[in-house]
Amino acid sequence: MKMKKVLFAAVSAGVMMLAGPSLAATELTVQRFFGACDADFGKNTDVGKAVGECGIITSLINKFNADNPDVHVSVATVEWPGYDQLTAQFASGDAPDIVTIHESALSDYQSKGLLMPLDDLLKSVGVTSDAFTDAARNGATKDGKIYGLPIDSWTMLYHINMDLFKQAGLVNADGTPILPKSPEELLAQAEQFKQKTGKPYFVQNLANETALFTRNLYTYLFQQDSDFFADPKHVKLNTPEAKKVVEMYKAIFDKGYTTKDLDYGGAINAFLAGEGGVQLNGTWVVGDNNAQSETKGTALNKGGYAVYPYPQLFAGAHAQYADGHTWAVSQKDRTPEQTAAIGKFLKFFADNDFDWSRTGHLPAYKAIITSDAFKALPHRNTIAAVADLGRPLPSAVQRQFAIQDIVGEEMSAAITGQKDVDAALADMESRVNELLANI
Amino acid sequence: MADRLTMPQTAMPAASVRAPSVDIYAPQWRNFMFVAPFLFFFTTLLVVPLLWGMWLSFHKADTFSSGNFVGFGNYIRLFHDKVFLQSVWNTFYFVLLTVPALALIGLFLALCLNRRTRTAAVLRTLFFSSSVLSVTIVTLIWRIVFIPNVGLLSTIYGWFGATAPAFISDPSLAMIGIAIATVWWCIGLPMMLFLSALQQIPQDIYEAAALDNASRWQTLRSITLPSIKRTFILVVIVQIVLQFQLFGQAWLMTRGGPNNLTKPIVLYIYDTAFRRWDLGMGAAASEVLFILILIAAMAQYLVTRNNADRT
Amino acid sequence: MRAPAISIKGRAFGDRVLLALVILLSIVMLAPVLWVIGLSLKENAELMANPNSVFQAPYTLKNYINTIGTSSVFIWVFNSIIVSGGLTLGTLILSSLAGYGFARLNFPGRNILFVVVLFGLAVPEQAVLVARHQIFSLLNFHNTYHGLILPGLSASFGVFLMTQYFKAIPKELDEAAMLDNASRFRIFWKVLLPLTVPAQATLGIFTFLGAWNDYLWPLISATKKDMYTLTVGMASTQTNFAQSEGIGFLMAQAVFAGAPILIVYLFFQKYIVTAVSGAAVR
């Protein structure tokens, strides 16, 4: 027993030494999602070497710590999206200094006065909001003030395995993939794909998933000009437009055009292993997928990897659902040193947004999105269009993550046949409205 | 000390058992000091939160501001919420899946392993060992069994060219998947309880039965099972109370999905209070859970009391 | 463990069937754990390509080395030991004192208070969760060791158990000392407490295991990574396999997380079994 105590004391002392450097540095606590990858990138400060969201953000923060000996940032990694924890932290007065918050979730915390307006602080370090892209500025601004430093805009994409598309005969003469232009075409092409390759057209993570369903629905409602959130306190989802979308995805499910029981990680692995033609996933995996396609012997290396915005399937607006990540700062009493350190951190991320955009996200800064370096990144020519296509929910809509859960749950129930489509849409609408009525 | 201990028997043999002297058992405030420390924690950490929770359940309150009195408003919303009703049903369904399995498999193992061989000892250790693991490790283990691709189940099915059932995402299987993991995790306690009950049965009854040439089945039915009836009821009730509080397995394996089919009441409370910030309604759901558990606990009390009277 | 030797004739065949069933069940018990260990010994990339590769060399300790190097699992185990140990110690002290008080001494309102405490047995932790979280927020108790330990001290089970146990001790043992007007605490400490060691062991083991496995309260109270207990810490890494360091790494971490308590269990098996059986008889 004594031995054990000594051992643990030693271990914890060791850990403290690793975690707490010189006392002189200003301590900042940063909390983020994007995963943990300390085994691969825990000590890497060469950002250029890092790949993927986790690798790049870990390396960026390492570099910030290395470049700024007077500031020390300690990072807590939370499970995506981390809001359960953040809410509990705010409730107990123990929030981190800087935290990743989606633009769609900013107003939840901002409306309770929990976040610090950043305009003055950003100005003091020379970052002004006219440097942001329109999407980023709109997303980060609430009640006329900036409540998060935008680092990207993201959306969902068609990630395509070109080898399988070739086998399926879905390739144009110029080598680009043939994508559908209507729901009927989508089903026909998916059928053709299944016939020729024996594999499902879509790789989707449908196991206990809500976000993917919801984003798909929003995108195709936008494309039908359905203004389902005309009133931010009242949603209209029991509509013919929504029914069309759900029935389309239900047909895809029923006819076996999609993988069915994969969770998020499983879907990524299945796509990388060449088990389906199109993976529905976000901008954040472009970098990872591209790296795979350049590695010999992988499924994506065989015939190449392509990535496109969601195809326009309906006659309405050219649009698809989009959101963005920001660094928000909690409202707290701070010394001038601490506030200055936060300013440094935010400026560092504004300055290094190009590295973050290598993940596949669109940069949040005009100077970067128009830069040659960004345009020269692989696949940006095909996905740059989403900068104009991307559309968030109206920013006055609160509890967007809770709404996402409800919409996704009901849509999943309808698509997998647990519930009748009409019943699911009716429940979806009434549950969301009940939630919004009781905020 | 020894001479002191023997004293009462010599000095006042009659009084020592039934009627203690008024002097030493008279109510005295200073005696209260022994229970005061516990009562302090009991009051501040259980009674006060319980009352506070009741108060909250009649208010519209969110995580960052407490609001107005709404009477039974939260309860009315609660019983109109399909998801809450679903979660109540889910909880009962889960209890129905796990408790009989735990009781019967536990009894079966106890009957088989109630012998003095080395193998039996090793197996007893094995079957109890999973109980000491924490819920997060148990769910990690079982997710790794159930997930597609590198899952154990899908690998085994793969050998036969078949596709494994989707225990985490199929609407009709998800709760069963959670129940399997739970039975695996919790089987040790019922087994141990039955084993110790079996050892309370006097040997001579068995010897008499053997002399009567009773078959093994007869012995089991007419001697063993009746003798452990009380333990059986105890195991069932204890497990009902325990499994009613399902949270970790469902949260970590399925997040309550697909479409809330594996969302138990506790997860509903967590969801409402900490994810939707609706503290008042979360508190109202807590009160409903409290009443349900209270009923189960009362049943336990009545059963154990009646049985205690009989023995 | 004493087992009666049941000797009944003609049991050979039946025994074999039962044995086969028991062995089948033990495979179900063991296989998932072996699978986890197998995965932890493989390179991630290889696993993704072919899960069957678990059955073939090469094996690697890389995941374990990475876990030692970068995982916080050791801090979490350390936190869990502090919290579970603190709660166990506190529960033993409070329950023994109160058990003695309720069983042996009289004071105004004793019977009513005991009924109230019994009533506490029926209050599930989850029912007071929301309010308790709010109160602890006001007191700034979150993300502290006492914030994790205190809620468990309000549990009535220990008091109930110890009261029953003290009542079962013959009154003759301490009555003499009471008549001698020895201090009540002295009697408690010198005469009765040593006799309750078996009950202390039962209560201690149950409390420790309960605290070690608690998930819900630490989940909402310990929100900082260096205050995570093992359960919360492990949960924080496992939900999204793809966004973490890979399955092999997670499995190695799970082995590190599960090993200490399993080793403790194997060492103290005999006592644990006695404790559990002891609880059953009562």
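Protein sequences, first through last, are from chains A, B and C.
Mapping of the first sequence onto our numbering: residues -3 to 435, in sequence order.
Mapping of the second sequence onto our numbering: residues 5 to 315, in sequence order.
Mapping of the third sequence onto our numbering: residues 249 to 530, in sequence order.
Glycine included, C-beta positions come from ideal geometry on N, C-alpha and C.
If you're wondering where the values come from, they're calculated on a predicted model, not measured in any experiment.
**Message:** Here's a check: name, in chain order, each residue in its chain whose Cβ is nearer than 6 Å to the Cβ of leucine 111 of chain B, leaving out the five neighbours to either side.
**Reply:** Translated into positions along the second sequence, residue 111 of chain B becomes position 107. If we look at leucine 111 of chain B and ignore the five residues flanking it on each side, its Cβ neighbours are Phe198.
**Prompt:** Nearest to isoleucine 120 of chain B by CA position, among B:Ile180, B:Ser91, B:Pro194 and B:Gln203, is which residue?
**Reply:** As a first step, residue 120 of chain B is located in the second sequence; it is residue number 116 there, counting from the start. Correcting the residue type first, residue 120 of chain B is arginine in the shown sequence and not isoleucine. Cα-wise, what sits closest to arginine 120 of chain B is B:Gln203.
**Message:** Is it buried or exposed, arginine 81 of chain B, if we count other Cβ atoms within 10 angstroms and call 16 or more buried?
**Reply:** Walking along the second sequence from the start, residue 81 of chain B turns up at place 77. By the neighbour-count rule (16 or more Cβ atoms within 10 Å), arginine 81 of chain B is buried.
**Message:** Contact defined as beta carbons within less than 8 Å: I believe tryptophan 460 of chain C pairs with isoleucine 509 of chain C. What is the distance between those atoms, to the nearest angstrom?
**Reply:** As a working mapping, residue 460 of chain C is identified with position 212 in the third sequence. As a working mapping, residue 509 of chain C is identified with position 261 in the third sequence. Contact holds; Cβ gap of about 6 Å.
**Request:** Under 7 Å between beta-carbons, which chain C residues line up against tyrosine 3 of chain B? List them in chain order, please.
**Result:** Nothing in the structure corresponds to residue 3 of chain B, since chain B is present only between 5 and 315.
**Request:** Go through its chain and collect everything with a Cβ distance to proline 73 of chain A's Cβ below 6 Å, but skip five positions before and after it.
**Result:** Reading the first sequence from its first residue, position 77 is the one you call residue 73 of chain A. Rather than proline, the amino acid found at residue 73 of chain A in this sequence is threonine. In chain order, Ala32 place their CB closer than 6 Å to the CB of threonine 73 of chain A, counting only its own chain and leaving out the 5 sequence neighbours on each side.
**Asked** Measuring CA to CA, which of B:Pro194, B:Gly162, B:Asn264 and B:Ile180 is closest to valine 242 of chain B?
**Response** Numbered from its first residue, the second sequence carries residue 242 of chain B at position 238. Among B:Pro194, B:Gly162, B:Asn264 and B:Ile180, the Cα nearest to that of valine 242 of chain B belongs to B:Pro194.
**is_contact[asparagine 388 of chain C, chain A] using C-beta, thresh 8 Å** = For the purposes of this step, residue 388 of chain C is identified with residue 140 of the third sequence, where counting begins at 1. Answer yes: the Cβ-Cβ gap between asparagine 388 of chain C and chain A drops below 8 Å somewhere.
**Message:** Going by DSSP, what residue range makes up the alpha helix (DSSP H) through methionine 475 of chain C?
**Reply:** On the third sequence, position 227 is the one that residue 475 of chain C refers to. Counting along the chain, methionine 475 of chain C falls outside any alpha helix (DSSP H), and DSSP gives it neither H nor E.
**Asked** Does the separation of the CB atoms of phenylalanine 218 of chain A and glutamine 316 of chain A fall below 8 Å?
**Response** Here the question's residue 218 of chain A lines up with position 222 in the first sequence. Here the question's residue 316 of chain A lines up with position 320 in the first sequence. Annotated as proximal: phenylalanine 218 of chain A and glutamine 316 of chain A, with beta-carbon spacing under 8 Å.
**Asked** Within the 8 Å Cβ cut-off, does tryptophan 437 of chain C reach chain B?
**Response** Against the third sequence, residue 437 of chain C aligns to sequence position 189. Tryptophan 437 of chain C does not count as touching chain B.
**Prompt:** Is the segment 316 to 335 of chain A touching the segment 105 to 125 of chain A, taking contact as three or more C-beta pairs under 8 Å?
**Reply:** Taking a contact to require three or more Cβ pairs closer than 8 Å, the segment 316 to 335 of chain A and the segment 105 to 125 of chain A qualify as touching.
**Prompt:** Based on the DSSP output, what are the partners of leucine 111 of chain A in its beta bridges?
**Reply:** Looking up residue 111 of chain A in the first sequence gives position 115. The partner list for leucine 111 of chain A (beta bridge, DSSP) reads A:Ser326.
**Message:** Between A:Glu181, A:Gly270 and A:Phe224, which has its C-alpha nearest proline 196 of chain A's C-alpha?
**Reply:** Locating residue 196 of chain A in the first sequence gives position 200, where the first residue counts as 1. With distances taken between Cα atoms, proline 196 of chain A lies closest to A:Gly270.
**Message:** Can you tell me where the beta strand (DSSP E) holding leucine 24 of chain A begins and where it ends?
**Reply:** Stepping through the first sequence from its first residue, residue 24 of chain A is reached at position 28. From DSSP, the beta strand (DSSP E) with leucine 24 of chain A extends over 22 to 28.
**Prompt:** Taking Cβ positions, are glutamine 247 of chain B and threonine 102 of chain B nearer each other than 8 Å?
**Reply:** On the second sequence, position 243 is the one that residue 247 of chain B refers to. On the second sequence, position 98 is the one that residue 102 of chain B refers to. A contact, by the Cβ cut-off of 8 Å.
**Request:** Check each candidate in A:Val95, A:Cys50, A:Lys162 and A:Ala226 and name the one with the smallest Cα separation from valine 393 of chain A.
**Result:** Taking the first residue of the first sequence as 1, we reach residue 393 of chain A at position 397. Minimum Cα distance to valine 393 of chain A is reached at A:Ala226.
**Request:** Return the chain-ordered ranges of every beta strand (DSSP E) run that is complete within the segment 42 to 118 of chain B and spans a minimum of 3 residues.
**Result:** 63 to 66 and 69 to 73
**Message:** According to DSSP, is histidine 381 of chain C part of a helix, a strand, or is it coil?
**Reply:** For the purposes of this step, residue 381 of chain C is identified with residue 133 of the third sequence, where counting begins at 1. In this structure, histidine 381 of chain C counts as helix in the three-state DSSP scheme.
**Prompt:** Can you list the residues of chain A that isoleucine 468 of chain C reaches, using a CB-CB cut of under 7 Å?
**Reply:** Locating residue 468 of chain C in the third sequence gives position 220, counting from the first residue. Per Cβ cutoff of 7 Å: Ala84.
**Message:** If you measure between the beta carbons of threonine 254 of chain A and phenylalanine 198 of chain A, is that distance less than 8 Å?
**Reply:** Along the first sequence, one-based indexing puts residue 254 of chain A at 258. Along the first sequence, one-based indexing puts residue 198 of chain A at 202. Cβ atoms of threonine 254 of chain A and phenylalanine 198 of chain A: closer than 8 Å.
**Asked** Excluding the five sequence neighbours on either side, which residues of its own chain have a C-beta within less than 6 Å of the C-beta of glycine 57 of chain B, listed in chain order?
**Response** Within the second sequence, numbered from 1, the residue matching residue 57 of chain B stands at position 53. If we look at glycine 57 of chain B and ignore the five residues flanking it on each side, its Cβ neighbours are Ala287 and Ser290.
**Request:** Verify the CB distance criterion: does threonine 129 of chain B have a CB-CB separation below 8 Å to chain A?
**Result:** Walking along the second sequence from the start, residue 129 of chain B turns up at place 125. The beta-carbon of threonine 129 of chain B is placed no less than 8 Å from the nearest beta-carbon of chain A.
**Request:** Go ahead and label leucine 268 of chain A buried or exposed: buried means 16 or more other beta carbons lie within 10 angstroms of its beta carbon, across all protein chains shown.
**Result:** For the purposes of this step, residue 268 of chain A is taken as residue 272 along the first sequence, with counting starting at 1. Counting Cβ neighbours within 10 Å, leucine 268 of chain A comes out buried, since at least 16 surround it.
**Asked** Excluding sequence positions up to five away, which residues of its chain have a Cβ less than 7 Å from the Cβ of asparagine 286 of chain A?
**Response** The count along the first sequence starts at 1 and reaches residue 286 of chain A at position 290. Correct list, in chain order: Tyr301, Pro374 and His375.
**Asked** Between the beta-carbon of methionine 482 of chain C and the beta-carbon of leucine 144 of chain B, is there less than 8 Å?
**Response** Translated into the one-based positions of the third sequence, residue 482 of chain C becomes position 234. Translated into the one-based positions of the second sequence, residue 144 of chain B becomes position 140. In contact: methionine 482 of chain C and leucine 144 of chain B (Cβ atoms closer than 8 Å).
**Item:** Whole-angstrom C-beta distance between serine 344 of chain C and threonine 450 of chain C, which should lie under 8 Å
**Value:** The count along the third sequence starts at 1 and reaches residue 450 of chain C at position 202. The count along the third sequence starts at 1 and reaches residue 344 of chain C at position 96. Contact between threonine 450 of chain C and serine 344 of chain C is absent: CB atoms are separated by about 12 Å, not below the 8 Å threshold.
**Message:** Using the three-state DSSP reduction, which class does leucine 153 of chain A fall into: helix, strand or coil?
**Reply:** As a working mapping, residue 153 of chain A is identified with position 157 in the first sequence. Strand at leucine 153 of chain A.
**Prompt:** What three-state label does DSSP hand isoleucine 232 of chain B in the structure shown?
**Reply:** In the second sequence, counting from the first residue as 1, residue 232 of chain B sits at position 228. In the structure shown, isoleucine 232 of chain B sits in coil (DSSP, three-state: anything other than H, G, I, E or B).
**Item:** Beta-carbon proximity check, threonine 322 of chain A vs glutamate 99 of chain A, cutoff 8 Å
**Value:** The residue given as residue 322 of chain A occupies position 326 in the first sequence. The residue given as residue 99 of chain A occupies position 103 in the first sequence. Yes. Within cutoff.
**Prompt:** Below 8 Å, can you find three or more Cβ-Cβ pairs linking the segment 170 to 184 of chain B to the segment 253 to 268 of chain B?
**Reply:** Yes: the two stretches touch, three or more of their Cβ pairs being nearer than 8 Å.
**Prompt:** Who are the neighbours of arginine 225 of chain B on chain C, taking C-beta pairs under 7 Å?
**Reply:** As a working mapping, residue 225 of chain B is identified with position 221 in the second sequence. Chain C residues near arginine 225 of chain B: none, gap ~13 Å exceeds 7 Å.
**Asked** When the cut-off is 8 Å and only beta carbons count, does alanine 207 of chain A lie next to chain C?
**Response** Start at 1 with the first residue of the first sequence, and residue 207 of chain A comes out as number 211. No, its Cβ sits nowhere closer than 8 Å to a Cβ of chain C.
**Prompt:** Which bits of chain C does glutamine 81 of chain A rub up against, with CB to CB less than 8 Å?
**Reply:** Mapped onto the first sequence, residue 81 of chain A falls at position 85. Residues of chain C passing the Cβ test: Thr471.
**Request:** Compare the C-beta of isoleucine 254 of chain C against all C-beta atoms of chain B and say whether one is closer than 8 Å.
**Result:** Taking the first residue of the third sequence as position 1, residue 254 of chain C is located at position 6. Confidence at isoleucine 254 of chain C is low in this model, with a pLDDT of 46, below 50, so the placement of that residue is unreliable and no value is reported for it.
**Request:** Could you work out which residues of chain A lie near asparagine 314 of chain C, taking near to mean beta carbons separated by less than 7 Å?
**Result:** Here residue 314 of chain C corresponds to residue number 66 of the third sequence, with the count starting at 1. Ala35, listed in chain order.
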